[in-house]
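Colleague: Before we start, here is the structure in question, set down as structure tokens.
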Amino acid sequence: MSQWSQVQQLEIKFLEQVDQFYDDNFPMEIRHLLAQWIESQDWEAASNNEAMATILLQNLLIQVDEQLDRVSQEKNLLLIHNLKRIRKLLQGKYHGNPMHIAVIISNCLREERRILAAASMPVQGPLEKSLQNSVVSERQRNVEHKVSAIKNSAQMTDQDVKYLEDLQEEFDFRYKTIQSLEQSDKNSVLIKQEMLALQAMLNTLDYKRKEVLSKIGRVIHEIDMLMSNMLTEELLDWKRRQQIACIGGPLHGGLDQLQNCFTLLAESLFQVRRQLEKLDELLTRLTYDGDPIPVQRPQLLEKVNFLLYNLFRNSFVVERQPCMPTHPQRPMVLKTLIQFTVKLRLLIKLPELNYQIRVKATIDKNVSTVSNRRFVLCGTHVKAMNMDESANGSLSVEFRHLQPKEMKSSAGSKGNEGPHMVTEELHSISFETQVCLYGLTINLETSSLPVVMISNVSQLPNAWASIIWYNLSTNDPQNLSFFNNPPAATLSQLLEVLSWQFSSYVGRGLNSEQLNMLAEKLMGQQVSYNDYQLSWAKFCKEHLPGKSFTFWVWLEAILDLIKKHILPLWIDGYIMGFVSKEKERILLKDKTPGTFLLRFSESNLGGITFTWVDQLENGDVTFHSVEPYNKGRLSALPFADILRDYKVIMADNVPENPLKYLYPDIPKDKAFGKHYSCQPNEVSKPSDGGGKGYVPSVFIPVSKILNDSTDPHSPSDLLPMSPSVYAVLREHLSPTVIETAV
Numbered sequence: 001m002s003q004w005s006q007v008q009q010l011e012i013k014f015l016e017q018v019d020q021f022y023d024d025n026f027p028m029e030i031r032h033l034l035a036q037w038i039e040s041q042d043w044e045a046a047s048n049n050e051a052m053a054t055i056l057l058q059n060l061l062i063q064v065d066e067q068l069d070r071v072s073q074e075k076n077l078l079l080i081h082n083l084k085r086i087r088k089l090l091q092g093k094y095h096g097n098p099m100h101i102a103v104i105i106s107n108c109l110r111e112e113r114r115i116l117a118a119a120s121m122p123v124q125g126p127l128e129k130s131l132q133n134s135v136v137s138e139r140q141r142n143v144e145h146k147v148s149a150i151k152n153s154a155q156m157t158d159q160d161v162k163y164l165e166d167l168q169e170e171f172d173f174r175y176k177t178i179q180s181l182e183q184s185d186k187n188s189v190l191i192k193q194e195m196l197a198l199q200a201m202l203n204t205l206d207y208k209r210k211e212v213l214s215k216i217g218r219v220i221h222e223i224d225m226l227m228s229n230m231l232t233e234e235l236l237d238w239k240r241r242q243q244i245a246c247i248g249g250p251l252h253g254g255l256d257q258l259q260n261c262f263t264l265l266a267e268s269l270f271q272v273r274r275q276l277e278k279l280d281e282l283l284t285r286l287t288y289d290g291d292p293i294p295v296q297r298p299q300l301l302e303k304v305n306f307l308l309y310n311l312f313r314n315s316f317v318v319e320r321q322p323c324m325p326t327h328p329q330r331p332m333v334l335k336t337l338i339q340f341t342v343k344l345r346l347l348i349k350l351p352e353l354n355y356q357i358r359v360k361a362t363i364d365k366n367v368s369t370v371s372n373r374r375f376v377l378c379g380t381h382v383k384a385m386n387m388d389e390s391a392n393g394s395l396s397v398e399f400r401h402l403q404p405k406e407m408k409s410s411a412g413s414k415g416n417e418g419p420h421m422v423t424e425e426l427h428s429i430s431f432e433t434q435v436c437l438y439g440l441t442i443n444l445e446t447s448s449l450p451v452v453m454i455s456n457v458s459q460l461p462n463a464w465a466s467i468i469w470y471n472l473s474t475n476d477p478q479n480l481s482f483f484n485n486p487p488a489a490t491l492s493q494l495l496e497v498l499s500w501q502f503s504s505y506v507g508r509g510l511n512s513e514q515l516n517m518l519a520e521k522l523m524g525q526q527v528s529y530n531d532y533q534l535s536w537a538k539f540c541k542e543h544l545p546g547k548s549f550t551f552w553v554w555l556e557a558i559l560d561l562i563k564k565h566i567l568p569l570w571i572d573g574y575i576m577g578f579v580s581k582e583k584e585r586i587l588l589k590d591k592t593p594g595t596f597l598l599r600f601s602e603s604n605l606g607g608i609t610f611t612w613v614d615q616l617e618n619g620d621v622t623f624h625s626v627e628p629y630n631k632g633r634l635s636a637l638p639f640a641d642i643l644r645d646y647k648v649i650m651a652d653n654v655p656e657n658p659l660k661y662l663y664p665d666i667p668k669d670k671a672f673g674k675h676y677s678c679q680p681n682e683v684s685k686p687s688d689g690g691g692k693g694y695v696p697s698v699f700i701p702v703s704k705i706l707n708d709s710t711d712p713h714s715p716s717d718l719l720p721m722s723p724s725v726y727a728v729l730r731e732h733l734s735p736t737v738i739e740t741a742v
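This is the structure:
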């Protein structure tokens, strides 16, 4: 079943979540019509490979054209119209930046997988629940409403300033007219009446000046309050959502909405600034005793400039955290001399700033790390922000060719660093620029979330564990000494993040039973884990009891095994995986003989085994488990084929496949049939005359099971033997000889 088919079967509350991230950037119609094709492409790799993204975009447009031809024959006018519009939209929006659509589609597929995983959970996880808090949504709506109200107030004040200007011009004209008269004329009754009228007009001017200044003050106060409270909280929430998304959590939307708010506030502040400049201009033409402009204007202007400085400084954000294109699902882990990408955005989108802001990237600027390792950035580290590279027209810049290089240090400085110390060192990628606009010069700085530098890909698993622990445990974006004393994590939240690792990396998250098994493995006992605190050492540094590896190394090896060798079976949900030996026997003992389940080995790294239930002649139940298959053996023979062809030789020397039903009662071929590489070859005998052809053969795993034996079997018990060879042996040799040979 395709991923899209699974999505369509979700409950309405989950379908509403799916609906939120499909828009004109990637219309749902295309996702629906091209479901199979879209899911068969590697959009993640294309999101960091321009050539690959270009080819995929071209193929996507070809697929749309084929759909157009099909619906044209069906004379579906509405669908024809929509597909033509969508094709034009896709070509126009992504022609100059094909990687952007690869990012969008990759994110959509990933978010679908996350929602599917969430739907399989009995309750929503604590982290995800906090990110989808209704209070947060209400605040978002309030922010947008207040920003719109502020913009309207600033525009209304513009009209008041214009009225004040017109009133002053009329006063100025009438006053100068009187001043131009002869002295004798000034004593006339009409002139005295005009002077009284001018005094009344001056009083009105004074009132209007005070009123305008008061309205400007209220607009400034509203902006100040909004920036200090709700907008700051919104930005912090977005940054927190980005942290969680980086470690596999829900996608962090909302940046476009924040950009709209920041831009409208900046436009309102610049509008207020122009209004104050206009008042200064009016002041130079007319002033009087008690004039409010020279008293209030400087203070208001100072406040406006202060708010603009803060607004710009907060608007400079890292939109996409540093990430190696070779490991798109492991952001913030960087390898020396390997390129990484990072994208920044200025949330204040003003046309005057296009190509006017040059951003410089540095590493570990003005900070001290926990070791003596120092790095420099090679490649293009200065680029201009522009609105042309992003499909949504945001003012952004993407660095695509940066490489970290370790600087030579004094002899022996690395000798004191253990294997964990390197992956617990946190570093910072910093960015700085300067904005010059309307007489203001504002220096901007921002930094990435902490990154871990590795020099060998073997350090990647532990480095990624550090990234997970940091972003799970703290909101602080720059605590580089975090691992000097890492805090404990709530086990319930950690389990949720571990499920995200599976949903984001291998397409299917963990259910509550699987998470319970992981909890027991971490705690060593079966207790409630809602409030249990787990230490960093227990997660990643201390070996599991009786084992030579840590919990995280064990789990990472399973992720790697799934990704490279058994991914389709995992996505279909046929691998129970995380179940203890004790639990599997409880599950199987009352099942039909031949019922089996698949689980990951607890004693071997990156191993998967199967256990089946059998019944002895006396009616007793027995269990058999096969020595785990690792990636080396699965590279030679697909796991689905192993399940199909597996044979055991019992005491009577009759080979048979004991695997009949996948737990609980699914016929084996129904579960795995579509994943078989081919149908097993017919068993053939060699020709009597020694013909030119070879005997067709396939490798099959064979185990010999002794009576009353329930122990796992060693690799020597799993012999590769072709069906033809076995047939010949049975024809020419006695069962005793075969048994001895086997």
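Residues 1 to 742 (UniProt numbering) make up the sequence shown, in order. Note that beta-carbon positions come from the ideal geometry of N, C-alpha and C, so glycine has one too.
If you follow the alpha helix (DSSP H) that PRO568 is in, where does it begin and where does it stop?
Modeller: Residue numbering aside, residue 568 sits at position 568 when the sequence shown is read from its first letter. Here the alpha helix (DSSP H) through PRO568 covers 567-571.
Colleague: Please work out which residues of its chain come closer than 6 Å, Cβ to Cβ, to LEU330, disregarding the five sequence neighbours upstream and downstream, and give them in chain order.
Modeller: Residue 330 sits at position 330 when you count from the first residue of the sequence shown. Residue 330 is actually Arg in this sequence, not Leu. Excluding positions up to five away in sequence, the list reads TRP464.
Colleague: What are the residues that DSSP puts in a beta bridge with ALA384?
Modeller: What you label residue 384 is simply residue 384 of the sequence shown in a count that begins at 1. Looking at the DSSP assignment, ALA384 forms a beta bridge with ARG358.
Colleague: Could you pull out every residue in the same chain whose Cβ sits closer than 6 Å to the Cβ of ASN443, ignoring the five residues on either side in sequence?
Modeller: The residue given as residue 443 occupies position 443 in the sequence shown. Cβ within range, chain order: GLN434.
Colleague: Could you name each continuous alpha helix (DSSP H) segment of 4 residues or more that falls completely within the stretch 399-482, going from the start of the chain to the end?
Modeller: As far as the stretch 399-482 is concerned, its whole alpha helix (DSSP H) runs of at least 4 residues are 419-423 and 460-473.
Colleague: For MET225, does the count of other Cβ atoms within 10 angstroms reach 16, so buried, or fall short, so exposed?
Modeller: Here residue 225 refers to the residue found at position 225 of the sequence shown. Label assigned to MET225: exposed.
Colleague: Given 7 Å as the limit, tell me if GLN339 has its C-beta closer than that to any heavy atom belonging to the ligand GTP.
Modeller: Here there are no bound small molecules, and the ligand GTP is not part of this structure.
Colleague: Could you check whether ILE571 and GLY507 sit closer than 8 Å to each other, using their CB atoms as the reference points?
Modeller: For the purposes of this step, residue 507 is taken as the residue at position 507 of the sequence shown. For the purposes of this step, residue 571 is taken as the residue at position 571 of the sequence shown. Yes; because the gap between Cβ atoms is below 8 Å, this pair is in contact.
Colleague: Can you give me the start and stop residues for the alpha helix (DSSP H) that ARG644 sits inside?
Modeller: Within the sequence shown, the letter at position 644 stands for residue 644. First-last of the alpha helix (DSSP H) with ARG644: 639-645.
Colleague: If you drop the 5 nearest sequence neighbours on each side, which residues of the same chain put their C-beta closer than 8 Å to that of GLU39?
Modeller: Here the question's residue 39 lines up with position 39 in the sequence shown. Within the same chain, GLU39 has close Cβ partners SER2, GLN3, TRP4 and LEU109.
Colleague: Near TYR661, what residues of its chain come up, given a Cβ to Cβ distance below 8 Å and the 5 sequence neighbours on each side ignored?
Modeller: Taking the sequence shown and counting its residues from 1, one reaches residue 661 at position 661. LYS591, THR592, GLY594, THR595, PHE596, PRO667 and LYS668, listed in sequence order.
Colleague: Within a Cβ cutoff of 6 Å, which residues of the same chain sit near LYS146, ignoring the five residues on either side of it in sequence?
Modeller: On the sequence shown, position 146 is the one that residue 146 refers to. Contacts found: LEU226.
Colleague: Consult DSSP for PHE578 and reduce its assignment to one of helix, strand or coil.
Modeller: As a position in the sequence shown, residue 578 is number 578, starting the count at 1. Coil at PHE578, not helix or strand.
Colleague: By how many angstroms is the C-alpha of GLN140 removed from the C-alpha of LEU440?
Modeller: On the sequence shown, residue 440 is found 440 positions in, with the first residue counted as 1. On the sequence shown, residue 140 is found 140 positions in, with the first residue counted as 1. Cα to Cα, LEU440 sits roughly 30 Å from GLN140.
Colleague: Tell me which residues share the same chain as ARG113 and place their Cβ nearer than 6 Å to its Cβ, disregarding the 5 neighbours each side in the sequence.
Modeller: Numbered from its first residue, the sequence shown carries residue 113 at position 113. The residues are SER503 and GLY507.
Colleague: Determine, using beta carbons only, whether ILE454 and GLN403 come nearer to each other than 8 Å.
Modeller: Within the sequence shown, numbered from 1, the residue matching residue 454 stands at position 454. Within the sequence shown, numbered from 1, the residue matching residue 403 stands at position 403. Contact: no.
Colleague: Who are the Cβ neighbours of ILE115 in its own chain at under 8 Å, not counting the five residues just before and after it?
Modeller: As a first step, residue 115 must be located in the sequence shown, where it is residue number 115. Cβ neighbours of ILE115 beyond the five flanking positions: VAL7, LEU10, PHE14, GLN17 and VAL18.
Colleague: Please classify CYS436: is it buried, with 16 or more other beta-carbons within 10 angstroms of its beta-carbon, or exposed?
Modeller: Taking the sequence shown and counting its residues from 1, the one referred to as residue 436 is at position 436. The residue is exposed, with fewer than 16 neighbouring Cβ atoms inside 10 Å.
Colleague: For ASP614 and ALA117, what's the separation of their Cα atoms in angstroms?
Modeller: Taking the first residue of the sequence shown as 1, we reach residue 614 at position 614. Taking the first residue of the sequence shown as 1, we reach residue 117 at position 117. Each residue's alpha carbon lies about 33 Å from the other.
Colleague: Bridge partners for SER396 per DSSP, in chain order?
Modeller: Start at 1 with the first residue of the sequence shown, and residue 396 comes out as number 396. Paired residues: ARG345 and ASN386.
Colleague: Is it buried or exposed for LEU235, if we count other Cβ within 10 angstroms and need 16 for buried?
Modeller: Your numbering for residue 235 matches position 235 in the sequence shown. That one is buried.
Colleague: Out of ASP160, PHE21 and ASN49, point me to the one whose CA is closest to CYS323's CA.
Modeller: Mapped onto the sequence shown, residue 323 falls at position 323. The shortest C-alpha separation from CYS323 is found at ASN49.
Colleague: Please classify LEU127 as buried or exposed, where buried requires at least 16 other C-beta atoms within 10 Å of its C-beta.
Modeller: Stepping through the sequence shown from its first residue, residue 127 is reached at position 127. Flag for LEU127 reads buried.
Colleague: Anyone know if the C-beta pair for ILE675 and PRO568 falls short of 8 Å?
Modeller: Along the sequence shown, one-based indexing puts residue 675 at 675. Along the sequence shown, one-based indexing puts residue 568 at 568. Correcting the residue identity first, residue 675 is His in this sequence and not Ile. Yes, the pair counts as a contact, with Cβ atoms nearer than the cut-off.
Colleague: Determine contact between the stretch 374-389 and the stretch 456-475, defined as no fewer than three beta-carbon pairs at a distance below 8 Å.
Modeller: Not touching, per the Cβ criterion.
Colleague: So, under 8 Å CB-CB, CYS246 and VAL143 are touching, yes? Tell me the CB distance rounded to an integer number of Å.
Modeller: For the purposes of this step, residue 246 is identified with residue 246 of the sequence shown, where counting begins at 1. For the purposes of this step, residue 143 is identified with residue 143 of the sequence shown, where counting begins at 1. Their Cβ separation, rounded to whole angstroms, is 24 Å, which puts CYS246 and VAL143 out of contact at 8 Å.
Colleague: Just grab the DSSP bridge partners of HIS675 for me.
Modeller: As a working note, residue 675 is residue 675 in the sequence shown. Answer by DSSP bridge pairing: none, since HIS675 is not bridged.
Colleague: In angstroms, rounded to a whole number, what distance separates the CA positions of MET156 and LEU164?
Modeller: The sequence position of residue 156 within the sequence shown is 156, counting from 1. The sequence position of residue 164 within the sequence shown is 164, counting from 1. Taking the straight line from one Cα to the other gives about 13 Å.
Colleague: Return the chain-ordered list of same chain residues with a C-beta closer than 6 Å to the C-beta of GLU445, the five sequence neighbours on each side being excluded.
Modeller: Position 445 of the sequence shown, counted from the first residue, corresponds to residue 445. If we look at GLU445 and ignore the five residues flanking it on each side, its Cβ neighbours are GLU432.
Colleague: Cβ of LEU605 within 8 Å of Cβ of TRP552?
Modeller: Here residue 605 refers to the residue found at position 605 when the sequence shown is read from its first residue. Here residue 552 refers to the residue found at position 552 when the sequence shown is read from its first residue. Cβ distance not < 8 Å, so LEU605 and TRP552 don't count as in contact.
Colleague: Out of curiosity, what's the CA-to-CA distance linking GLU584 and ASP388?
Modeller: For this step, residue 584 is matched to residue 584 along the sequence shown. For this step, residue 388 is matched to residue 388 along the sequence shown. One C-alpha to the other measures close to 57 Å.
Colleague: Classify ASP23 as helix, strand or coil using the three-state DSSP reduction.
Modeller: Locating residue 23 in the sequence shown gives position 23, where the first residue counts as 1. Looking at ASP23 - three-state DSSP - the assignment turns out to be coil, as it is neither helix nor strand.
Colleague: Identify every run of the beta strand (DSSP E) within the stretch 529-558, keeping only runs that are complete inside it and at least 3 residues long; order them along the chain.
Modeller: If we require 3 residues or more, the stretch 529-558 turns out to have no beta strand (DSSP E) run fully inside it.
Colleague: With 16 other CB atoms within 10 Å as the buried threshold, where does ILE608 fall?
Modeller: As a working note, residue 608 is residue 608 in the sequence shown. It counts as buried.
Colleague: Could you give the C-beta distance for THR204 and LEU167, rounded to a whole number, given that I count them as a contact under 8 Å?
Modeller: Your numbering for residue 204 matches position 204 in the sequence shown. Your numbering for residue 167 matches position 167 in the sequence shown. 7 Å between Cβ atoms; contact.
Colleague: Select from LYS239, SER430, ASN59 and LEU279 the residue whose C-alpha is nearest the C-alpha of residue 782.
Modeller: Absent from the structure is residue 782, since the part of the chain shown begins at 1 and ends at 742.
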